[in-house]
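As they're listed, the protein sequences go chains A and B. Under full-length UniProt numbering, the first residue of the first sequence is numbered 1, with each subsequent residue one higher. Under full-length UniProt numbering, the first residue of the second sequence is numbered 1, with each subsequent residue one higher. One structure is given here, and the rest of the page talks about it.
2 protein chains.
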Amino acid sequence: MNIDHFETCIRTVPAGGVTSPKGFKAAGIHAGFRKNPQRLDMACVTADELASCAGVFTTNRFCAAPVQVSRQNLGGAEKGYGLVKGIVINSGNANAATGEQGRAVAAETCEIASQILGCESEQVLVASTGVIGQTLGIELFETGLPAAIDALCVSGGADAARAIMTTDTHSKEYAISYTSQTLQYADCTFTVGGMCKGSGMIMPNMATMIAVITTDAPVEPRVLHSILKQTVDVTFNKVTVDSDSSTNDTCIMLASGAAGADAAPIEEGSDAYNELLYAVHEVCETLARTIASDGEGASRLVTVNVTGAATDEDADTAARAVANSPLVKTAIAGHDCNWGRIAMALGKCGVVFNQEDVSIDIMGMPVCRGGLTVAFDEDEALRRFEAPEIVISCDLGAGEHTTTVWTCDLTHDYVTINGDYRT
Amino acid sequence: MNIDHFETCIRTVPAGGVTSPKGFKAAGIHAGFRKNPQRLDMACVTADELASCAGVFTTNRFCAAPVQVSRQNLGGAEKGYGLVKGIVINSGNANAATGEQGRAVAAETCEIASQILGCESEQVLVASTGVIGQTLGIELFETGLPAAIDALCVSGGADAARAIMTTDTHSKEYAISYTSQTLQYADCTFTVGGMCKGSGMIMPNMATMIAVITTDAPVEPRVLHSILKQTVDVTFNKVTVDSDSSTNDTCIMLASGAAGADAAPIEEGSDAYNELLYAVHEVCETLARTIASDGEGASRLVTVNVTGAATDEDADTAARAVANSPLVKTAIAGHDCNWGRIAMALGKCGVVFNQEDVSIDIMGMPVCRGGLTVAFDEDEALRRFEAPEIVISCDLGAGEHTTTVWTCDLTHDYVTINGDYRT
Numbered sequence: 001m002n003i004d005h006f007e008t009c010i011r012t013v014p015a016g017g018v019t020s021p022k023g024f025k026a027a028g029i030h031a032g033f034r035k036n037p038q039r040l041d042m043a044c045v046t047a048d049e050l051a052s053c054a055g056v057f058t059t060n061r062f063c064a065a066p067v068q069v070s071r072q073n074l075g076g077a078e079k080g081y082g083l084v085k086g087i088v089i090n091s092g093n094a095n096a097a098t099g100e101q102g103r104a105v106a107a108e109t110c111e112i113a114s115q116i117l118g119c120e121s122e123q124v125l126v127a128s129t130g131v132i133g134q135t136l137g138i139e140l141f142e143t144g145l146p147a148a149i150d151a152l153c154v155s156g157g158a159d160a161a162r163a164i165m166t167t168d169t170h171s172k173e174y175a176i177s178y179t180s181q182t183l184q185y186a187d188c189t190f191t192v193g194g195m196c197k198g199s200g201m202i203m204p205n206m207a208t209m210i211a212v213i214t215t216d217a218p219v220e221p222r223v224l225h226s227i228l229k230q231t232v233d234v235t236f237n238k239v240t241v242d243s244d245s246s247t248n249d250t251c252i253m254l255a256s257g258a259a260g261a262d263a264a265p266i267e268e269g270s271d272a273y274n275e276l277l278y279a280v281h282e283v284c285e286t287l288a289r290t291i292a293s294d295g296e297g298a299s300r301l302v303t304v305n306v307t308g309a310a311t312d313e314d315a316d317t318a319a320r321a322v323a324n325s326p327l328v329k330t331a332i333a334g335h336d337c338n339w340g341r342i343a344m345a346l347g348k349c350g351v352v353f354n355q356e357d358v359s360i361d362i363m364g365m366p367v368c369r370g371g372l373t374v375a376f377d378e379d380e381a382l383r384r385f386e387a388p389e390i391v392i393s394c395d396l397g398a399g400e401h402t403t404t405v406w407t408c409d410l411t412h413d414y415v416t417i418n419g420d421y422r423t
Numbered sequence: 001m002n003i004d005h006f007e008t009c010i011r012t013v014p015a016g017g018v019t020s021p022k023g024f025k026a027a028g029i030h031a032g033f034r035k036n037p038q039r040l041d042m043a044c045v046t047a048d049e050l051a052s053c054a055g056v057f058t059t060n061r062f063c064a065a066p067v068q069v070s071r072q073n074l075g076g077a078e079k080g081y082g083l084v085k086g087i088v089i090n091s092g093n094a095n096a097a098t099g100e101q102g103r104a105v106a107a108e109t110c111e112i113a114s115q116i117l118g119c120e121s122e123q124v125l126v127a128s129t130g131v132i133g134q135t136l137g138i139e140l141f142e143t144g145l146p147a148a149i150d151a152l153c154v155s156g157g158a159d160a161a162r163a164i165m166t167t168d169t170h171s172k173e174y175a176i177s178y179t180s181q182t183l184q185y186a187d188c189t190f191t192v193g194g195m196c197k198g199s200g201m202i203m204p205n206m207a208t209m210i211a212v213i214t215t216d217a218p219v220e221p222r223v224l225h226s227i228l229k230q231t232v233d234v235t236f237n238k239v240t241v242d243s244d245s246s247t248n249d250t251c252i253m254l255a256s257g258a259a260g261a262d263a264a265p266i267e268e269g270s271d272a273y274n275e276l277l278y279a280v281h282e283v284c285e286t287l288a289r290t291i292a293s294d295g296e297g298a299s300r301l302v303t304v305n306v307t308g309a310a311t312d313e314d315a316d317t318a319a320r321a322v323a324n325s326p327l328v329k330t331a332i333a334g335h336d337c338n339w340g341r342i343a344m345a346l347g348k349c350g351v352v353f354n355q356e357d358v359s360i361d362i363m364g365m366p367v368c369r370g371g372l373t374v375a376f377d378e379d380e381a382l383r384r385f386e387a388p389e390i391v392i393s394c395d396l397g398a399g400e401h402t403t404t405v406w407t408c409d410l411t412h413d414y415v416t417i418n419g420d421y422r423t
């Protein structure tokens with residue numbers, strides 16, 4: 001399949017989100033997890049019929065109760081897919097480090113929702129985000145779930161996206177549509193939508209913060225899991241705000257098949273599969289970049305490209321070393337074109353290269369060649385730092401492997417936000 | 001040997017430093033590396049006679065020119081010891097990422113100093129600290145070295161300690177004396193002194209920022225290397241200010257033997273060796289804690305104790321995960337007893353434990369038992385956060401291995417200092 005050509009078939013859905021694909025409804029309400037009644041704090045996303053579902057979850061050993069329950073409902077860590085009717089997400093309390101009581105609340109949430117939705121309790125997934133280590137009661141779910149499910153509608157995606165926010169400064173949604181170029185799905189228009197929340201404690205090992213991706217393409221659960229896993233590895237998993245992986249990271253994808261009711265499921269490896277993979281990648285990469293650019297206190301999105309690494313793992317390690325270095329991140333906040341700190345970060349992380357082979361560019365300006373400084377125009381550098389996205393490109397001269405990682409700068413606001421979070 | 005008893009034999013030397021042990025001189029002058037003429041920027045430490053010397057250096061692949069030259073002068077990375085007459089250190093320019101030209105300047109510095117000191121150029125070591133990636137000329141060494149060597153005196157330790165500072169807020173020196181309790185060295189009084197600089201880019205893999213340790217005990221170079229290596233691993237290498245390992249980390253120890261001119265060298269594994277090891281550990285741990293407490297922008301020294309780890313490596317990984325977590329560090333800056341972030345940091349780092357077995361104490365207050373929250377008095381917590389040292393203790397319940405790591409909190413001043421460093 002000619003993906004270059006396919007790219008031109010993709011259209012952004014104006015104000016699109018999780019309810020842009022056919023067959024989904026969503027809602028966001030104030031259930032009382034937060035004190036401020038203006039603040040939405042419970043989201044529901046449901047499929048009109050049971051939908052194919054795949055999930056990836058945090059690898060943090062202090063994983064939260066809802067992660068344990070949702071993972072179980074998708075057949076355990078080894079499987080990660082199944083049929084699902086709906087997802088319930090609360091913000092304001094992470095239900096993490098809450099033990100047996102926390103697990104009981106997460107399971108009871110599934111049970112209550114399933115009774116109203118008319119499905120099995122295993123067909124409901126849950127996710128929570130907020131403070132760790134505070135007990136969460138079932139009461140707000142008992143009162144909130146009927147209200148949230150009553151509010152479900154095809155235009156509810158925006159409210160749902162608002163309800164999952166924590167220190168995010170804005171909600172995060174995106175959707176695209178494309179008309180399949182394959183013979184089998186000729187003239188079928190498929191839509192992929194998504195919402196997520198990010199901000200702090202962001203360096204997922206496997207998934208993300210909380211993200212829900214939807215599509216109306218016909219895909220079986222196992223195939224959906226393959227698409228989700230591949231995509232998350234090169235999108236959400238390449239975001240790092242502060243090197244801290246949350247206890248609650250959850251990324252769930254639902255496929256309703258409602259775009260073409262009679263269409264056969266898309267088969268793994270087919271052209272239609274590659275089209276959908278491309279579209280899901282587009283949505284997830286856009287959302288992932290949005291998370292990085294809205295990192296706690298961020299003034300800039302920072303994109304770190306590493307090329308010339310000896311292995312994929314080296315490329316990833318080197319890019320993360322640069323992206324997580326507090327000295328690099330504060331230099332960017334200070335508009336300081338201090339490439340020596342980038343060299344330091346590359347050098348400390350244990351990947352293989354010779355310093356004589358290293359090249360570094362900042363915002364397209366060569367600042368280091370052959371491991372040595374290159375004279376550059378400081379005024380021009382300051383001008384380029386005005387851009388909303390700062391691009392750092394490092395070539396290690398040690399091989400052919402490459403990667404891209406997204407982060408943000410480290411500002412006074414990060415310290416303010418995280419010094420005052422609970423108070 | 002009864003080390004408990006030995007502890008009582010140790011006396012702090014008032015205003016002690018590198019020249020407290022017999023047989024050493026030092027100086028610190030303004031040589032012109034910095035624009036401010038009030039700011040000392042070149043330090044020399046010399047031994048009256050050729051001294052036993054051991055060194056450990058950064059493992060950063062972008063290691064600086066003086067690191068390469070000094071390592072070579074101590075017989076290469078595999079050896080790390082020899083006989084040395086003196087050490088020259090400049091601040092204001094790291095001479096890192098400066099290629100062949102930088103190495104030539106470092107070697108030429110040794111050559112000029114050796115001619116004045118009357119020794120071989122390989123018997124001089126060099127170290128540099130400051131901005132990375134800026135060319136450093138030989139001119140300031142040509143004019144500065146004669147002046148610095150002319151200024152050498154037995155009371156010059158304090159000036160030398162000031163001359164190696166970068167963003168340190170105060171100079172760092174310490175010295176202790178002890179009378180040997182062994183038969184062989186009965187009534188010999190040995191002194192161990194040291195100076196160091198720290199502040200930013202501090203998470204050495206092997207050594208430290210820049211540290212010089214001296215003693216007048218009689219020790220051969222190979223034995224001195226054994227003492228230094230063991231000590232650095234559990235002192236300077238357990239400090240992390242910002243997870244960033246410098247290109248210039250250097251720790252050098254000199255032994256003059258001048259305390260007892262006729263005494264035989266101390267043999268590895270002997271009681272006298274254990275006494276000296278204990279004393280060197282005391283000096284290095286004190287200096288290491290000083291570096292952490294004076295980390296860039298720090299308002300608090302933070303001590304992270306991990307117990308109950310399955311392996312030494314797990315203990316170290318877990319302690320560093322807590323100590324390097326920006327969310328933990330900003331919580332401490334905000335006096336927020338937010339143990340959930342500590343649990344998150346323990347959970348993300350890949351070490352083996354079950355969350356049900358984890359206990360966490362902050363400043364001696366139990367905040368987590370069996371992986372669950374413990375009610376505590378928030379007012380009492382706030383009161384305890386007034387202390388200059390914040391102690392976090394984590395028991396993983398997974399084994400018998402323990403460690404201690406030192407760091408500092410992450411404050412607005414860190415962002416200010418590092419956003420404005422070059423400007």
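Even glycine gets a Cβ: it sits at the ideal position worked out from N, Cα and C. These figures come from a predicted structure and were not determined experimentally.
Q | Close Cβ partners of Gly-102/A (< 6 Å) along its chain, the five nearest in sequence each way excluded | A | Here residue 102/A refers to the residue found at position 102 of the first sequence. Cβ within range, chain order: Ala-65, Asn-95.
Q | Chain-order list of residues whose beta-carbon lies under 6 Å from that of Val-154/B (same chain, five-residue window excluded) | A | Residue mapping note: residue 154/B aligns to position 154 of the second sequence, counting from 1. In its chain, beyond the 5 residues on either side, Thr-19, Lys-25 have a beta carbon closer than 6 Å to the beta carbon of Val-154/B.
Q. In chain order, what residues of the same chain have a beta carbon less than 8 Å from the beta carbon of Gln-68/B, not counting five sequence neighbours either side?
A. By 1-based counting over the second sequence, the position of residue 68/B is 68. Within the same chain, Gln-68/B has close Cβ partners Arg-103, Ala-106.
Q: Report the rounded CA-to-CA distance for Phe-376/B versus Ala-211/A, giving the unit in angstroms.
A: Mapped onto the second sequence, residue 376/B falls at position 376. Mapped onto the first sequence, residue 211/A falls at position 211. Their backbone Cα atoms lie some 34 Å apart in a straight line.
(Q) Alpha carbons only, please: which of Ala-264/A, Leu-224/A, Ile-291/A is nearest the one belonging to Ser-240/A? (A) Taking the first sequence and counting its residues from 1, one reaches residue 240/A at position 240. According to the sequence displayed, residue 240/A carries Thr and not Ser. The shortest Cα separation from Thr-240/A among Ala-264/A, Leu-224/A, Ile-291/A belongs to Ile-291/A.
(Q) If the cut-off is 8 Å on Cβ atoms, which residues from the region 336 to 349 of chain A count as contacting chain B, listed in chain order? (A) Of all residues in the region 336 to 349 of chain A, only Asp-336, Asn-338, Trp-339, Gly-340, Arg-341, Ala-343, Met-344, Ala-345, Leu-346, Gly-347, Lys-348 place a beta-carbon less than 8 Å from a beta-carbon of chain B.
Q. Does the beta carbon of Gln-355/A come closer than 7 Å to any beta carbon on chain B?
A. Against the first sequence, residue 355/A aligns to sequence position 355. A Cβ of chain B is located within less than 7 Å of the beta carbon of Gln-355/A.
Q. What number of angstroms, rounded off, separates the C-alpha of Cys-63/B from the C-alpha of Thr-169/A?
A. Start at 1 with the first residue of the second sequence, and residue 63/B comes out as number 63. Start at 1 with the first residue of the first sequence, and residue 169/A comes out as number 169. Answer to the nearest angstrom: the Cα atoms are 40 Å apart.
Q. Which one of Gly-99/A, Leu-224/A, Ala-264/A has the shortest CA to CA distance from Leu-276/A?
A. Stepping through the first sequence from its first residue, residue 276/A is reached at position 276. Nearest C-alpha to Leu-276/A: Leu-224/A.
Q) Would Arg-369/B be called buried (16 or more neighbouring beta carbons within 10 Å of its own) or exposed? A) The sequence position of residue 369/B within the second sequence is 369, counting from 1. So Arg-369/B ends up on the exposed side.
(Q) To the nearest angstrom, how far is the alpha carbon of Asn-274/A from that of Asp-357/A? (A) Along the first sequence, read from residue 1 onward, the residue named residue 274/A stands at position 274. Along the first sequence, read from residue 1 onward, the residue named residue 357/A stands at position 357. Looking at the two C-alpha atoms, the distance is approximately 37 Å.
Q: Following the continuous beta strand (DSSP E) through Ala-127/A, name the residue where it begins and the one where it ends.
A: Residue 127/A sits at position 127 when you count from the first residue of the first sequence. First-last of the beta strand (DSSP E) with Ala-127/A: 124 to 131.
Q: Indicate whether the contact test is met: 3 or more Cβ pairs, each with one atom in the region 165 to 179 of chain A and one in the region 136 to 145 of chain A, closer than 8 Å.
A: With the cut-off at 8 Å, the region 165 to 179 of chain A and the region 136 to 145 of chain A do not touch.
Q | Reduced DSSP category for Met-203/B - H, G, I as helix; E, B as strand; rest coil | A | Translated into the one-based positions of the second sequence, residue 203/B becomes position 203. Residue placement at Met-203/B cannot be trusted, given a pLDDT of 48 that sits under 50; what the coordinates show is reported in the next sentence. In the structure shown, Met-203/B sits in coil (DSSP, three-state: anything other than H, G, I, E or B).
**Q.** C-beta neighbour in chain C for Ala-315/A, strict 7 Å
**A.** Looking for chain C here will not work: the only protein chains present are A and B.
(Q) Counting only Cβ pairs nearer than 7 Å, list the residues of chain A close to Val-415/B. (A) The residue labelled residue 415/B in the question sits at position 415 within the second sequence. Identification of chain A residues near Val-415/B by a Cβ-Cβ cut-off of 7 Å yields Thr-330, Ala-333, Leu-410, Thr-411, His-412, Val-415, ordered along the chain.
Q.
For Ile-116/B, tell me which candidate among Gly-28/B, Asn-93/B, Leu-125/B, Leu-145/B has the shortest Cα-Cα distance.
A. For the purposes of this step, residue 116/B is identified with residue 116 of the second sequence, where counting begins at 1. For Ile-116/B, the nearest C-alpha among the options comes from Leu-145/B.
**Q.** For Gly-297/A, the nearest candidate out of Tyr-414/A, Asp-312/A, Lys-85/A (CA to CA)
**A.** For the purposes of this step, residue 297/A is identified with residue 297 of the first sequence, where counting begins at 1. Gly-297/A has its Cα closest to that of Tyr-414/A, out of Tyr-414/A, Asp-312/A, Lys-85/A.
Q | Chain-ordered neighbours of Gln-134/A on chain B, where CB pairs are closer than 9 Å | A | For the purposes of this step, residue 134/A is taken as residue 134 along the first sequence, with counting starting at 1. Listed along the chain, the chain B residues whose CB falls inside 9 Å of the CB of Gln-134/A are Gly-340, Thr-373.
Q. Given that a residue counts as buried once 16 or more other Cβ atoms are within 10 Å of its Cβ, and exposed if not, what is Leu-183/A?
A. For the purposes of this step, residue 183/A is taken as residue 183 along the first sequence, with counting starting at 1. Leu-183/A sits exposed, since fewer than 16 C-beta atoms from the chains shown fall within 10 Å of its C-beta.
Q | Minimum Cβ-Cβ distance from Arg-71/A to chain B less than 7 Å | A | Residue mapping note: residue 71/A aligns to position 71 of the first sequence, counting from 1. For Arg-71/A, the closest Cβ of chain B is not nearer than 7 Å.
Q.
Distance cutoff 7 Å, beta carbons only. Does Gly-17/A sit that close to anything in chain B?
A. In the first sequence, the residue the question calls residue 17/A occupies position 17. No, Gly-17/A lies away from the interface with chain B (no Cβ there is under 7 Å from its Cβ).
Q. How about Ala-148/B: is its C-beta nearer than 7 Å to some C-beta of chain A?
A. Counting from 1 along the second sequence, the entry for residue 148/B is found at position 148. No - not a single Cβ of chain A is within 7 Å of the one on Ala-148/B.
Q: Determine the closest residue to Met-363/A out of Leu-372/A, Lys-348/A, Ala-345/A, Asn-338/A, with distance taken between C-alpha atoms.
A: To locate residue 363/A, count along the first sequence from 1; it is residue 363. Relative to Met-363/A, the option among Leu-372/A, Lys-348/A, Ala-345/A, Asn-338/A whose CA is nearest is Asn-338/A.
**Q.** For Met-344/B, the three-state DSSP class (helix, strand or coil)
**A.** In the second sequence, counting from the first residue as 1, residue 344/B sits at position 344. Three-state result, Met-344/B: helix.
Q. Taking just the CA atoms, how far does Pro-221/A sit from Gly-257/A?
A. By one-based count along the first sequence, residue 257/A stands at place 257. By one-based count along the first sequence, residue 221/A stands at place 221. The C-alpha of Pro-221/A is placed about 11 Å away from the C-alpha of Gly-257/A.
Q) Smallest Cα separation from Gly-193/B: which of Thr-12/B, Thr-330/B, Val-84/B, Gly-32/B? A) Along the second sequence, read from residue 1 onward, the residue named residue 193/B stands at position 193. Closest option to Gly-193/B, Cα to Cα, is Thr-12/B.
Q | The beta strand (DSSP E) enclosing Leu-40/B, as first and last residue numbers | A | Along the second sequence, read from residue 1 onward, the residue named residue 40/B stands at position 40. Careful: Leu-40/B lies outside any beta strand (DSSP E) and carries neither H nor E.
Q. Grouping DSSP H, G and I as helix and E and B as strand, with all else coil, what is Leu-410/B?
A. Indexing the second sequence from 1 puts residue 410/B at position 410. DSSP places Leu-410/B in the coil class of the three-state scheme, outside both helix and strand.
Q | Closer than 7 Å to chain B by CB, Phe-141/A | A | As a first step, residue 141/A must be located in the first sequence, where it is residue number 141. Not closer than 7 Å to any Cβ of chain B, the Cβ of Phe-141/A fails to qualify, so no.
Q | Local conformation of Ala-77/A per DSSP, three classes | A | As a working mapping, residue 77/A is identified with position 77 in the first sequence. Here Ala-77/A sits in coil by DSSP.
Q) Does Ala-97/B get closer than 7 Å to chain A when you measure Cβ to Cβ? A) Counting from one through the second sequence, the residue named residue 97/B turns up at place 97. Judged by the 7 Å Cβ criterion, Ala-97/B is in contact with chain A.
Q: Assign His-335/A to one of two classes, buried (16 or more other C-beta atoms within 10 Å of its C-beta) or exposed (fewer than that).
A: For the purposes of this step, residue 335/A is taken as the residue at position 335 of the first sequence. So His-335/A ends up on the buried side.
**Q.** Gly-156/B to Thr-403/B span [Cα, whole Å]
**A.** Against the second sequence, residue 156/B aligns to sequence position 156. Against the second sequence, residue 403/B aligns to sequence position 403. So the alpha carbons of these two residues sit roughly 36 Å apart.
Q: Taking Phe-33/B as the query, report the chain A residues whose CB atoms sit under 9 Å from its CB, ordered along the chain.
A: Numbered from its first residue, the second sequence carries residue 33/B at position 33. At a C-beta separation below 9 Å, Phe-33/B has no neighbours in chain A, since its nearest C-beta there lies roughly 16 Å away.
Q. In whole angstroms, what separates the C-alpha of Ser-226/A from that of Glu-268/B?
A. Stepping through the first sequence from its first residue, residue 226/A is reached at position 226. Stepping through the second sequence from its first residue, residue 268/B is reached at position 268. Between Ser-226/A and Glu-268/B, the C-alpha separation is close to 59 Å.
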